[in-house]
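J.:
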Amino acid sequence: MVIQERFEIATRGRGSYDISREVQRRTAAAGIATGLCHLFLHHTSASLMLCENADPEVRADLERFMARLVPDGDPLFAHSAEGPDDMPAHVRTLLSGAELTLPVSDGRCALGTWQGVYLWEHRTQAHRRRLTLTVYGE
Amino acid sequence: MVIQERFEIATRGRGSYDISREVQRRTAAAGIATGLCHLFLHHTSASLMLCENADPEVRADLERFMARLVPDGDPLFAHSAEGPDDMPAHVRTLLSGAELTLPVSDGRCALGTWQGVYLWEHRTQAHRRRLTLTVYGE
Amino acid sequence: MVIQERFEIATRGRGSYDISREVQRRTAAAGIATGLCHLFLHHTSASLMLCENADPEVRADLERFMARLVPDGDPLFAHSAEGPDDMPAHVRTLLSGAELTLPVSDGRCALGTWQGVYLWEHRTQAHRRRLTLTVYGE
Numbered sequence: 002m003v004i005q006e007r008f009e010i011a012t013r014g015r016g017s018y019d020i021s022r023e024v025q026r027r028t029a030a031a032g033i034a035t036g037l038c039h040l041f042l043h044h045t046s047a048s049l050m051l052c053e054n055a056d057p058e059v060r061a062d063l064e065r066f067m068a069r070l071v072p073d074g075d076p077l078f079a080h081s082a083e084g085p086d087d088m089p090a091h092v093r094t095l096l097s098g099a100e101l102t103l104p105v106s107d108g109r110c111a112l113g114t115w116q117g118v119y120l121w122e123h124r125t126q127a128h129r130r131r132l133t134l135t136v137y138g139e
Numbered sequence: 002m003v004i005q006e007r008f009e010i011a012t013r014g015r016g017s018y019d020i021s022r023e024v025q026r027r028t029a030a031a032g033i034a035t036g037l038c039h040l041f042l043h044h045t046s047a048s049l050m051l052c053e054n055a056d057p058e059v060r061a062d063l064e065r066f067m068a069r070l071v072p073d074g075d076p077l078f079a080h081s082a083e084g085p086d087d088m089p090a091h092v093r094t095l096l097s098g099a100e101l102t103l104p105v106s107d108g109r110c111a112l113g114t115w116q117g118v119y120l121w122e123h124r125t126q127a128h129r130r131r132l133t134l135t136v137y138g139e
Numbered sequence: 002m003v004i005q006e007r008f009e010i011a012t013r014g015r016g017s018y019d020i021s022r023e024v025q026r027r028t029a030a031a032g033i034a035t036g037l038c039h040l041f042l043h044h045t046s047a048s049l050m051l052c053e054n055a056d057p058e059v060r061a062d063l064e065r066f067m068a069r070l071v072p073d074g075d076p077l078f079a080h081s082a083e084g085p086d087d088m089p090a091h092v093r094t095l096l097s098g099a100e101l102t103l104p105v106s107d108g109r110c111a112l113g114t115w116q117g118v119y120l121w122e123h124r125t126q127a128h129r130r131r132l133t134l135t136v137y138g139e
């Protein structure tokens with residue numbers, strides 16, 4: 002059985018947004034006991050990540066790490082049509098990924114105790130981000 | 002239903018190659034309306050990536066970023082049997098990934114408007130790269 | 002058909018551990034000829050990677066690369082409750098990923114000749130790591 006749906010997440014600009022509950026709710030509604038849940042982001046300037054979900058400093062540190070590794074306005078980059086955060090957003094997305102597959106067990110995404118699912122917005126401005134969730138199994 | 006096939010892509014050396022059409026054509030031929038398409042590269046010195054498909058400068062910038070982050074001939078690396086681009090190719094592959102899963106909707110890979118699928122060759126010389134495409138769903 | 006199982010891998014601290022045989026054995030036992038095998042690590046401080054399997058120096062070089070890119074005890078990081086390797090382990094996991102999908106052909110994971118599957122422990126201390134393997138297909 003395959004269940005697929007599209008939905009959107011509104012971001013308020015750069016930062017990571019916990020979508021674990023949304024993903025769990027939609028997966029539970031799919032009515033599949035055992036299988037996999039695939040999440041896909043239809044963009045190249047935001048990513049999906051699994052991250053520690055207890056201490057918000059972890060995500061703040063990831064943000065600091067990326068800001069140092071891929072600085073906004075870096076003169077290395079030629080592609081800057083949409084501003085200093087344009088190309089860094091593409092690089093950050095490459096490094097962290099725009100799709101995730103999670104195991105489904107007992108009708109839920111079987112995340113680890115400290116794992117959350119986050120949408121990571123890399124553009125400084127707010128965006129509406131489109132996702133496709135596909136759950137398949139038995 | 003599961004459809005699986007192997008194919009090859011010839012590269013002309015370091016750089017990224019748009020394989021979106023090839024992937025779409027093979028996915029359409031699989032005859033699956035709703036499901037997922039998995040792409041796997043059987044190598045550790047080239048990767049598969051989703052990337053912005055409008056401005057070629059984006060991929061040139063990604064190349065520049067990787068050249069700075071993982072320079073060829075870096076004395077840090079002990080593994081250099083095949084030349085100065087050998088170990089950097091493995092690191093670039095680790096960072097960008099060698100497999101991708103895409104949602105299939107209405108018989109096609111449901112990519113975002115600005116998303117393309119690229120094979121990224123990290124070795125300076127030309128190679129023939131083997132891939133496996135698996136489409137499954139209903 | 003979907004076969005899913007949980008298992009654990011004991012690590013002896015930071016470093017990469019070849020789990021290819023374990024994954025192949027479990028996949029073969031699933032009795033699925035054609036499909037996909039998904040591996041998921043229920044942690045945010047260790048990762049799963051595909052890596053060259055012939056020269057151990059490749060993995061030593063990856064370790065050196067990560068040690069330089071994400072140094073232990075980096076003053077950039079605020080989250081250090083569990084020690085100087087705590088936050089670097091999260092960053093390394095983000096960059097290398099905690100889940101993998103592999104094609105299954107003729108009842109086996111169809112890895113490339115030089116591809117191995119590794120669990121990469123990023124904490125300096127030994128850990129027991131939980132994984133879920135899901136094989137699906139026909």
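In the order they appear, the protein sequences are chains A, B and C.
Residue numbers for the first sequence follow this note's numbering, beginning at 2 and rising by one.
Residue numbers for the second sequence follow this note's numbering, beginning at 2 and rising by one.
Residue numbers for the third sequence follow this note's numbering, beginning at 2 and rising by one.
In this text, a Cβ means the ideal position worked out from N, Cα and C, and glycines have one as well.
Of all the beta strand (DSSP E) runs that stay within the bounds of the segment 40-89 of chain A, which reach a length of 3 or more residues?
T.: 47-53
J.: 7 Å is my cut-off, CB to CB: does Val136 of chain A come that close to chain B?
T.: Locating residue 136 of chain A in the first sequence gives position 135, counting from the first residue. No, Val136 of chain A lies away from the interface with chain B (no Cβ there is under 7 Å from its Cβ).
J.: Would you check if the distance between the CB atom of Trp115 of chain A and the CB atom of Glu53 of chain A is smaller than 7 Å?
T.: Residue mapping note: residue 115 of chain A aligns to position 114 of the first sequence, counting from 1. Residue mapping note: residue 53 of chain A aligns to position 52 of the first sequence, counting from 1. A contact, by the Cβ cut-off of 7 Å.
J.: Based on DSSP bridge pairs, tell me the residues matched to Ala11 of chain B.
T.: Counted from its first residue, the second sequence places residue 11 of chain B at position 10. B:Arg129, per the DSSP bridge assignment.
J.: Tell me whether the beta-carbon of Arg129 of chain B lies closer than 7 Å to the beta-carbon of Glu9 of chain B.
T.: If you number the second sequence from 1, residue 129 of chain B lands on position 128. If you number the second sequence from 1, residue 9 of chain B lands on position 8. In this structure, Glu9 of chain B lies closer than 7 Å to Arg129 of chain B by Cβ.
J.: Assign Arg109 of chain C to one of three DSSP states: helix, strand, or coil.
T.: To locate residue 109 of chain C, count along the third sequence from 1; it is residue 108. In the structure shown, Arg109 of chain C sits in a strand (DSSP, three-state: E or B).
J.: Check the Cβ-Cβ distances between Asp75 of chain A and every residue of chain C, and say whether any is below 7 Å.
T.: Within the first sequence, residue 75 of chain A is the residue found at index 74, counting from 1. For Asp75 of chain A, the answer is no, since every Cβ of chain C falls outside 7 Å of its Cβ.
J.: Relative to the C-alpha of Arg13 of chain C, which residue among C:Ala127, C:Ala47 and C:Met67 is closest?
T.: Sequence index remark: in the third sequence, residue 13 of chain C carries index 12 (1-based). Considering only alpha carbons, the answer is C:Ala127.
J.: Mind pulling the chain C residues with CB within less than 9 Å of Arg69 of chain A?
T.: As a working note, residue 69 of chain A is residue 68 in the first sequence. Close to Arg69 of chain A, with beta-carbon spacing below 9 Å, are these residues of chain C in chain order: Leu77.
J.: My assumption, with CB atoms under 8 Å, is that Arg26 of chain B sits in contact with Glu6 of chain B. Please give the rounded CB distance.
T.: Along the second sequence, read from residue 1 onward, the residue named residue 26 of chain B stands at position 25. Along the second sequence, read from residue 1 onward, the residue named residue 6 of chain B stands at position 5. The Cβ separation is near 11 Å, so there is no contact.
J.: Taking the C-alpha atoms as reference points, what is the distance between Leu1 of chain C and Ala99 of chain B?
T.: In the structure displayed, chain C extends from 2 to 139; residue 1 of chain C sits before or after that span and is not available.
J.: What's the gap between the Cα of Leu96 of chain B and the Cα of Ala111 of chain C?
T.: Working through the second sequence from its first residue, we reach residue 96 of chain B at position 95. Working through the third sequence from its first residue, we reach residue 111 of chain C at position 110. If you take the alpha carbons of Leu96 of chain B and Ala111 of chain C, they lie about 22 Å apart.
J.: Can you look up Thr35 of chain C in the DSSP assignment and give me helix, strand or coil?
T.: Reading the third sequence from its first residue, position 34 is the one you call residue 35 of chain C. DSSP places Thr35 of chain C in coil when its eight states are reduced to three.
J.: Taking the straight line between their C-alpha atoms, what separation do you get for Pro42 of chain B and Thr94 of chain B?
T.: One-based indexing of the second sequence puts residue 42 of chain B at position 41. One-based indexing of the second sequence puts residue 94 of chain B at position 93. Position check: residue 42 of chain B holds Leu in this sequence, whereas Pro was assumed. When rounded, the distance between both Cα atoms is 10 Å.
J.: Using a Cβ distance threshold of 8 Å, determine whether the segment 78-92 of chain B contacts the segment 78-89 of chain C, with at least three qualifying pairs required.
T.: Counting Cβ pairs under 8 Å, fewer than three are found: no touch.
J.: Drop a sphere of 10 angstroms on the beta-carbon of Asp62 of chain B, count the other beta-carbons inside from all chains shown, and report buried for 16 or more, exposed for fewer.
T.: By one-based count along the second sequence, residue 62 of chain B stands at place 61. Asp62 of chain B is buried by the Cβ-count criterion.
J.: Between Glu139 of chain A and Phe66 of chain C, what straight-line distance do the alpha-carbon atoms span, to the nearest angstrom?
T.: The sequence position of residue 139 of chain A within the first sequence is 138, counting from 1. The sequence position of residue 66 of chain C within the third sequence is 65, counting from 1. Computed Cα separation, rounded: 42 Å.
J.: For the ligand GTP, is there any heavy atom lying closer than 6 Å to the beta carbon of Gln126 of chain B?
T.: In the structure shown, the ligand GTP is absent, as is every other ligand, since no ligand is present at all.
J.: Measuring only the C-alpha atoms, how far is Asp19 of chain B from Tyr119 of chain B?
T.: In the second sequence, counting from the first residue as 1, residue 19 of chain B sits at position 18. In the second sequence, counting from the first residue as 1, residue 119 of chain B sits at position 118. When rounded, the distance between both Cα atoms is 5 Å.
J.: Mind checking Glu83 of chain A: buried by the 16 CB within 10 Å criterion, or exposed?
T.: As a first step, residue 83 of chain A is located in the first sequence; it is residue number 82 there, counting from the start. When all chains shown are included, Glu83 of chain A counts as exposed.
J.: Going along chain A in order, which residues have a C-beta closer than 9 Å to the C-beta of Glu100 of chain C?
T.: Locating residue 100 of chain C in the third sequence gives position 99, where the first residue counts as 1. Against chain A, a Cβ distance below 9 Å from Glu100 of chain C picks out Leu51, Leu101, Thr102, Leu103 and Pro104.
J.: Could you give the DSSP three-state label for Glu23 of chain B: helix, strand or coil?
T.: Taking the first residue of the second sequence as position 1, residue 23 of chain B is located at position 22. Helix, per DSSP.
J.: With 7 Å as the threshold, decide whether the Cβ of Phe146 of chain C is near any Cβ in chain A.
T.: Beyond the ends of chain C as shown, which are 2 and 139, falls residue 146 of chain C; an answer cannot be given.
J.: Name the chain C residues that come within less than 8 Å of Ser97 of chain A, Cβ to Cβ?
T.: Within the first sequence, residue 97 of chain A is the residue found at index 96, counting from 1. Near Ser97 of chain A (Cβ distances below 8 Å), the residues of chain C are Leu95 and Leu96.
J.: What does DSSP give as the partner residues of Val92 of chain B in its beta bridges?
T.: Reading the second sequence from its first residue, position 91 is the one you call residue 92 of chain B. Beta-bridge pairing links Val92 of chain B to no other residue.
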